[in-house]
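K.L.:
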Amino acid sequence: MYPLIVALDTNVLRALDVAKMLKGLSFKVGWDLVFEGG
Numbered sequence: 029m030y031p032l033i034v035a036l037d038t039n040v041l042r043a044l045d046v047a048k049m050l051k052g053l054s055f056k057v058g059w060d061l062v063f064e065g066g
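Residue 59 in our numbering is what sits at position 31 of the sequence shown, and the numbering runs on without skipping anything.
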């Protein structure tokens, strides 16, 4: 039972890290587009 919970926790943490990375990338790309467009 516990290994399953640990696996779920690590998967959730990994998903959060990926989400943060994608959010940061999209934020940076968005600003690049704003500066190029403006």
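Here a beta-carbon is modelled for each residue, glycine too, at the ideal position from N, C-alpha and C.
Alpha carbon to alpha carbon, how far is Gly58 from Gly65? Give it in angstroms, no decimals.
P.N.:
On the sequence shown, position 37 is the one that residue 65 refers to. On the sequence shown, position 30 is the one that residue 58 refers to. Cα to Cα, Gly65 sits roughly 10 Å from Gly58.
K.L.:
Can you give me the start and stop residues for the alpha helix (DSSP H) that Gly58 sits inside?
P.N.:
Within the sequence shown, residue 58 is the residue found at index 30, counting from 1. Element bounds for Gly58: 30-65.
K.L.:
Determine the direct distance from the alpha carbon of Thr38 to that of Leu31, and round the result to whole angstroms.
P.N.:
Here residue 31 refers to the residue found at position 3 when the sequence shown is read from its first residue. Here residue 38 refers to the residue found at position 10 when the sequence shown is read from its first residue. The sequence shown places Pro at residue 31, rather than the Leu named in the question. Cα to Cα, Pro31 sits roughly 10 Å from Thr38.
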